[in-house]
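Following: one structure in structure tokens, then a few remarks.
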Amino acid sequence: MANPKISVITRVFCASVMQPVLGRRHAGRQDTLEKSLLLACLIGCSTVAAQPVALTDARIIDGTGAAMIFPGTLVMDQGKIVAVGNPADVTIPADAQVISLDGKTLMPGLINAHGHAGGVRGLESGHYSEENLLRQLSLYASYGVTSVVSLGDDEEAGFRLRDTQHHAELDRARLFVAGPVLNPSTAAQAAEMVDQTATLNPDFIKIRVDDNLGRTPKMSAEVYEAVSARADVYGIPLSVHTYYQQDTKDLLRVGADHIAHSIRDSHIDDEFIQLMHERDICYTPTLTRELSTYVYESEPTFFSDPFFLAGVDTDVLTTLREPERQQRMAQNAAAQQYKAALPIAMSNLKTLSDAGVRIAMGTDSGPAARFQGYFEHLEMWMMQDAGMAPMQIIKSATGDAAACMNLTDTGSLEVGKWADLIVLEQNPLEDIRNTRSIEQVWIAGNQLRRPRF
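For the sequence shown, this note's numbering assigns the number 31 to the initial residue and increments by one for each residue that follows.
Listed below in structure tokens is the structure:
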């Protein structure tokens, strides 16, 4: 048997957040932050294996789009995958801990190609800190989301966590960051902002080309072309928040490297598809972003889903259930416009997927009421409702998401990559909603304490 130890990161983090709670254990009701931090400790705790681990008798979906392997075996050691395939092709080390999965599904951990982390507590923004980041990255991980690309509003603590996660004791979701969302008003200012952001060594440069349904000025073509040109000087890919098809075509022509939201104003035409193929870049639908803009006009069905409730603050639900708040959303013109745009977004996703454009699953989760962890699963379920097949969706949330976001050492179950993976009790190829049957989460070969879903 292995001689596991609690990882250094987990011990330090749990000690720091539990001390004030334990010191006030007789003070009455604990506040929301304390409860959520304790939850993060419990779901984020992991064990670091002191010997190789072999997972056997698994239904392996490797994230590349290849056919399922069954029975399959995967061996991990020192945080990395060292062997994977049919039992006849895999040698299990003599000192390995062998765990039979009894026909359960083994697949890569999910990658959110458009998320946000660290800024929100409950429904309130302005709380960016390393403590909050660790709490949220643990929450993501408990839902099997093992990597998050945060596209905007990232601060120093996020970069620090990004730079210190390449080790075999990791016990939370990996974080990749874009830094601030750039909003220059002139071409000269665009170059200056890119220069400043480049000093942070971001994984992406992020801009918004959107007028918020006609309510705010939109970045001009001259300015976003200057951003793109300057980002190219540094070799930093450009991710763009867009809404309108014509704007996105123009952005593709000047060098955008990632489309971070659905086209929602019109149905995609052949020219758009051709431009996506010519640029060979990826499209992230963020269907749940659209859903979140209006769904709280009444009580969503997922408010009674145990899979959702396992990771949510009940105080947030109480607020979202307030009749006055629901009425304001129901009467909000922008919310109703986004509601009308969602079917267009879903239709466009199907069109692009059928045309062979690469899709990178992403949610824009992290802002208030866009629930980290759960929304990544809900996004995939909505992608199935839009007409994508389960294998296509899995690939979009694993191997394709990794390739699209330039994550070279995760996203697929291949030798040499980090052992970031999840075990599902039920087969997601039969119904993508079976992703909710999470039984195990492993990050860098470390098994997190079993999620209580």
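Even for Gly, the Cβ is constructed at its ideal location relative to N, Cα and C. These numbers come from a predicted model, not from an experiment.
| Asked | Found |
| --- | --- |
| Pair within 7 Å by beta-carbon distance, G93 and G403 | no |
| Per DSSP, the bridge partner or partners of A84 | V105, V128 |
| Span of the alpha helix (DSSP H), counted from its first residue to its last, around G188 | 186-193 |
| DSSP beta-bridge partners of R204 | S177 |
| C-beta contact flag for H196 and T316 at 7 Å | no |
| Three-way DSSP call (helix, strand, coil) for N464 in this model | helix |
| Beta-carbon proximity check, A147 vs G396, cutoff 7 Å | yes |
| Rounded Cβ spacing between A208 and A256 (contact assumed at less than 8 Å) | Actually they are not in contact, since the Cβ atoms of A208 and A256 sit about 18 Å apart, beyond 8 Å. |
| Buried versus exposed, by CB contacts within 10 Å (16 or more), G182 | buried |
| First through last residue of the alpha helix (DSSP H) which encompasses T381 | 363-384 |
| Q402 (DSSP reduced to helix, strand or coil) | coil |
| Meets three-Cβ-pair contact criterion under 8 Å: the region 110-127 and the region 461-469 | no |
| Whole-angstrom C-beta distance between V120 and T103, which should lie under 8 Å | 4 Å |
| Best match in A371, G152, G285, A261 for proximity to I293 [C-alpha to C-alpha] | A371 |
| L350 and Y326 closer than 7 Å at C-beta | yes |
| Burial state of V179, where buried means 16 or more other Cβ atoms lie within 10 Å | buried |
| Residues of its chain near L339, where Cβ-Cβ distance is below 6 Å and the 5 sequence neighbours each way are ignored | none |
| Pick from Q422, Q456, A363, T428 that is closest to R245, judged by C-alpha positions | A363 |
| Three-state secondary structure assigned by DSSP to T62 | Unreliable placement is indicated for T62, whose pLDDT of 40 sits below 50; the coordinate value is still reported in the next sentence. Note: T62 maps to helix in three-state DSSP. |
| Same chain only: Cβ atoms within 7 Å of V150, ignoring 5 sequence neighbours per side | H157, G396, P397, A398 |
| Contact under 7 Å by Cβ, Y313 with V387 | yes |
| Identity of the residue in V211, H407, S334, L85 nearest F234 by Cα | V211 |
| Environment of G174 [buried if 16+ CB atoms lie within 10 Å] | buried |
| C-alpha distance - N476 paired with T278, whole-angstrom precision | 41 Å |
| Residue span of the alpha helix (DSSP H) that contains M98, given as start and end | Run containing M98: none; DSSP gives neither H nor E here. |
| Contact set for K380: own chain, Cβ-Cβ below 6 Å, skip 5 residues either direction | A416, G417 |
| Of the residues R238, L167, E252, Y264, the one placed nearest T227, counting alpha carbons only | Y264 |
| Residue environment, N436, which counts as buried when at least 16 other CB atoms sit within 10 Å | exposed |
| Top-ranked residue by Cα proximity to L131, from L85, G139, L443, K236 | L85 |
| CB contact flag (P2, P82, <7 Å) | In the structure as shown, the chain starts at 31 and stops at 483, and residue 2 therefore has no counterpart that could be examined. |
| Short Cβ contact (7 Å threshold) for I260 with L282 | The sequence given here has Arg at residue 260, not Ile. Not closer than 7 Å, so no. |
| Nearest to N231 (by Cα), restricted to the options E444, V284, P267, M412 | P267 |
| R358 classed as buried or exposed, judged by whether at least 16 other C-beta atoms fall within 10 angstroms | exposed |
| Counted within 10 angstroms of its Cβ, other Cβ atoms place S159 as buried (16 or more) or exposed | exposed |
| Reduced DSSP secondary structure (H/G/I, E/B, other) of R351 | coil |
| Which listed residue (Q356, D280, M223) has its alpha carbon closest to that of E301 | D280 |
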